[in-house]
Structures are given as C-alpha cells and as structure tokens.
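Residue numbers (numbering that gives the first Met the number 0), protein chains in the order written: chain Y, 0 to 138; chain S, 0 to 138; chain G, 0 to 138.
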Amino acid sequence: MKSYRKELWLQVPTRRAFINITPQIQECLRESGVREGLALVNSMHVTAAVFVDDDEKGLYRHYEVWLAQLAPVVATDPSDEDTIGEDIYDAHMKRQLLGREVVVAVTEGRLDFGHWENIFYGEFDGGRKKRVLVKIIGE
Amino acid sequence: MKSYRKELWLQVPTRRAFINITPQIQECLRESGVREGLALVNSMHVTAAVFVDDDEKGLYRHYEVWLAQLAPVVATDPSDEDTIGEDIYDAHMKRQLLGREVVVAVTEGRLDFGHWENIFYGEFDGGRKKRVLVKIIGE
Amino acid sequence: MKSYRKELWLQVPTRRAFINITPQIQECLRESGVREGLALVNSMHVTAAVFVDDDEKGLYRHYEVWLAQLAPVVATDPSDEDTIGEDIYDAHMKRQLLGREVVVAVTEGRLDFGHWENIFYGEFDGGRKKRVLVKIIGE
C-alpha cells in the first residue's frame, strides 16, 4: 500500500471566500503515484470547510447570503468565562454546514469525479495562513 | 489491496425523492470480494446527496418540508451574467445539508452498520439519469 | 494491509450532549498498530453525530441553541400510519447537520490533526447505551 501526505497552505485576504482547489489536489495525486485508492482532503482548521460543488460564481454569491441567514454572527458576552473571546462562532457553524472533508475515489490515476464536481475550500475566518491536508492511500 | 468500482444509475421521475440504495451497495460489496476495508458511496452530481438514515417513510415526508424551509427556492435574475441560468440553487443547498458521500466500514464481508443505518440517495433535481459512485478498497 | 475495528459504548444521561472522544480514538489507534492510513469514526445510530470541532465549552452552548433553531422539535400526528411514533424527528435532523462520520488521516502512528481539531460525539436522543464505530485501515 502506498501512502502520500501533503499540506496545502492558503492565505485568503478577506474574512470569507470560496476557492477551487481541484488543480492542487490533482497535482498531489500525480506526485503520489497512486492509481487506485482513496484521497482524503480536509481542512486542518475548525473555521474552514472542504466540500464538493460546481465551479460557478453565481452559486457562491448565493451561498454567502444563505450561510449568513442559517448561521448568522452570534452576539457574545465577553464576561462569560467560557467564551473563546472571539466573534467566530458563526464561522464554526458555517463550516459545519458545508463540512470538514471530502473523500474522493482514485481510479486509473485520476480523481474519479462526475462532470461538475470540483473540490472547494470555504474560508470563514480568513486573513491568515491556513492549511488543507491531502492524504492519499492506495496502489 | 483490492479495489472495486461501480457506477449505479438512477432515474427519478419527480423533482425530489429519497431512495434507499442499501441493497445495491450490498450487491456491489459481494461482487468486490472485499472482506475488510472501506466503502465510499458518493453522488457524482452536485444536486443530489448520499447519506445514512432510517428507512422510515414519515421521516422523509418531514425532511421534504424541513429542507424546503432551510434551503428554499432562490429567486434568480436572468440578467445576471454569472447566473447558471437555472433555478437549481436550492438543489445545491439541500444537497450540501445532507452531504455528498458516506464512508462505510467493511467487516467480514458486510457493511458494518448499526441497526437502523441505511444508505439513501437524495434527489433534488430529478427527471434525468444520474449516477452514484461506489468505490471499495481493502482485502 | 492492516485492519482494525472497535465499538465504543457511550451512555449519555441527558437527552442531548457533546462529548470529546479524541482520547478514546487515540487509544484505538495505538491498539491498531497502524502507522499510515485512514481512520473512520462514525455513529452507529441515526440520532447521533460524529464531527470535528474545537474543544471549547462556550461553542457547544451556542450549538445547542443554534441546532434548536435550525432543527426544532417537529409536531407529529399519532394518527399518521407512517409515523415512527416517537418525537425524535428533530434528533435525525440535528444529526444530519453535524454529520454521521469523520475520516481522519493517520500519519506516523498519530491522528493527523490541525491544532484545534478534536473528534466529538453529538447525542440528540440520549438516556440509553449507544455505539460509535472505529475502523482503521493502513500499514
């Protein structure tokens, strides 16, 4: 069994953004030499998501509005002793709705995707360097 | 390491539906000959979900209403240059809430499930042939 | 290829709770002897979630309120012939929002996590013994 690991570094200048990372994952797969197996791609941060969706700008403009409705910014009380002291609860919630990770089949050395499938990184607390983990196992 | 791949084709006549695909996945597992490993089952379309839940009709009647509330049909403006031009944003959102994929343990040649676990396909933009990917790796 | 399986038993006295199960998963990984591979951790029940998030009390106090808003208790009609007869639809919905499972990379014999990543069990229908499945494959 072959095993491959790589960290991708991303620095999103804005608070929130959606970025297609499919080309970087394809490059990892080439480096790995794996022909048949599974590729795990996950955010290493609890305020960012990795998910599969269409590469279509209008969709993400709608996602921005939709996530703001389903997971609005939470008013916190700084006097609470168990608060994390930062206004990022909504970032955790938005990330849970889109998910931490995707597992993609690897077949004949390629990501085994349907026509519109792309791997996206969803940032909800940007402005600093963050990591995505790529782990590929197989033969 | 053994590796198995199959596409399941589904054609749902209605716009939306929930279908138990556990029997087809069990048949794939038998064909694969894998006794110990992991089975990935994912939608190959960005407007359909694969998830695990109870096989109970009343539940899906409630899911239909619940998803319509959390991810209602979005009014789009055809003059937007970056719109995909179809009224399917809500289908993307409903699919994100239930998820693209499940990974199931394979133990002694069977799907290693709790008593009420079943694999469901959730269609949110039906009326045409669509695919589910089954990839099984192990020994 | 090595393969390891274990069931973790949890009994949550309250209806709902969030429990950090990372130490138990690390112990499973040690027992497995796997150095490179993938670890699947999933709820075996359809009214409980397994997900990754920060180990921070205030976050889960906010999650409790947030999930009650997004997936409130559903009024059911006992005369419906297809109802499951229990007031637990909301537990299914809450679990779908946080997810059934996580897949974690195993690298050099450890869970390959970012700094704030922990594996949590989310209970939405407690008061009885329930199971989490840990399946680890690799070398």
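Cβ coordinates follow ideal geometry from the N, Cα and C atoms, glycine included.
- By the C-beta density criterion, His91 (chain S) is buried, having at least 16 other C-beta atoms within 10 angstroms.
- Residue pairing by DSSP places Ser2 (chain Y) opposite Y:Ile136 in a beta bridge.
- Taking the beta carbon of Gly113 (chain G) as reference, the chain Y residues within 8 Å of it are Ser42, Met43, His44, Val45, Arg130 and Leu132, listed in sequence order.
- Residue state for Trp8 (chain Y) is assigned as strand, using DSSP reduced to three classes.
- With fewer than 16 other Cβ atoms inside 10 Å of its own Cβ, Ala74 (chain S) counts as exposed.
- With fewer than three CB-CB distances shorter than 8 Å, the segment 92-102 of chain Y does not count as touching the segment 118-125 of chain S.
- In this structure, the beta-carbon distance from Ala38 (chain S) to Ile118 (chain S) does not fall below 7 Å.
- Below the 7 Å Cβ cutoff, chain S contributes no neighbours of Leu28 (chain Y), its closest Cβ being approximately 14 Å away.
- DSSP places Ala104 (chain G) inside the beta strand (DSSP E), whose first and last residues are Glu100 to Thr106.
- In its chain, beyond the 5 residues on either side, Lys129 have a beta carbon closer than 6 Å to the beta carbon of His44 (chain G).
- With a threshold of 16 other beta carbon atoms within 10 Å, Asp89 (chain Y) meets it and is buried.
- Non-local beta-carbon contacts of Val33 (chain S) in its own chain, meaning distances under 8 Å to residues more than five positions away in sequence, involve Lys1, Tyr3, Val105, Gly108, Ile135, Ile136, Gly137 and Glu138 in chain order.
- A buried status is given to Asp52 (chain S), since no fewer than 16 other beta-carbon atoms sit within 10 Å of its beta-carbon.
- Annotation: the continuous alpha helix (DSSP H) that includes Ile24 (chain G) extends over Thr21 to Ser31.
- Phe112 (chain Y) is bridged by DSSP to nothing; it lacks a bridge partner.
- Within chain Y, the residues Gly98 have their CB atoms less than 7 Å from the CB of Gly98 (chain S), given in chain order.
- Look at Arg60 (chain S) here: in three-state DSSP terms it is helix.
- Val40 (chain G) is a Cβ neighbour of Val133 (chain G), given a cutoff of 7 Å.
- In this structure Leu28 (chain Y) is not in contact with Tyr120 (chain Y), their Cβ atoms being roughly 17 Å apart against a cut-off of 8 Å.
- If the five residues before and after Phe50 (chain S) are omitted, its C-beta is found closer than 7 Å to the C-beta atoms of Leu97, Gly98, Val101, Phe119 and Gly121, all from its own chain and listed in chain order.
- Between the beta-carbon of Arg94 (chain S) and that of Thr46 (chain S) there is about 6 Å, and that keeps the pair under the 8 Å contact cut.
- Separation of the CB atoms of Arg15 (chain S) and Glu63 (chain S) is rounded to 7 Å, and the pair is thereby assigned contact status at 8 Å.
- With fewer than 16 other beta carbons inside 10 angstroms of its own, His114 (chain Y) counts as exposed.
- According to the DSSP assignment, Ala70 (chain G) belongs to no beta strand (DSSP E), since it is labelled neither H nor E.
- The three-state reading of DSSP puts Arg130 (chain S) in strand, counting E and B together.
- Rounded to whole angstroms, the Cβ separation of Ile18 (chain S) and Leu110 (chain S) is 17 Å, and the two are not in contact under 8 Å.
- The C-alpha of Leu69 (chain Y) lies about 7 Å from the C-alpha of Leu69 (chain S).
- With respect to chain S, the C-beta atom of Met92 (chain Y) has no partner C-beta closer than 7 Å.
- If you check the CB distance, Ser42 (chain Y) and Val131 (chain Y) come in under 7 Å.
- Neighbours of Glu35 (chain G) in chain Y, taken as residues at a C-beta separation under 7 Å, are given in chain order as Ser2.
- Take Gly36 (chain S), set aside five residues on each side of it, and the residues of its chain with a beta-carbon closer than 6 Å to its own are Val105, Ile136 and Gly137, in chain order.
- When rounded, the separation of the alpha-carbon atoms in Trp65 (chain S) and Pro71 (chain S) is 10 Å.
- When the alpha-carbon of Asp86 (chain Y) is set against those of G:Ile87, G:Phe112, G:Asp86 and G:His61, the nearest one is in G:His61.
- One Cα belongs to Leu58 (chain G), the other to Glu116 (chain Y), and the distance between them is close to 32 Å.
- Annotated three-state conformation of Asp86 (chain Y) is coil, per DSSP.
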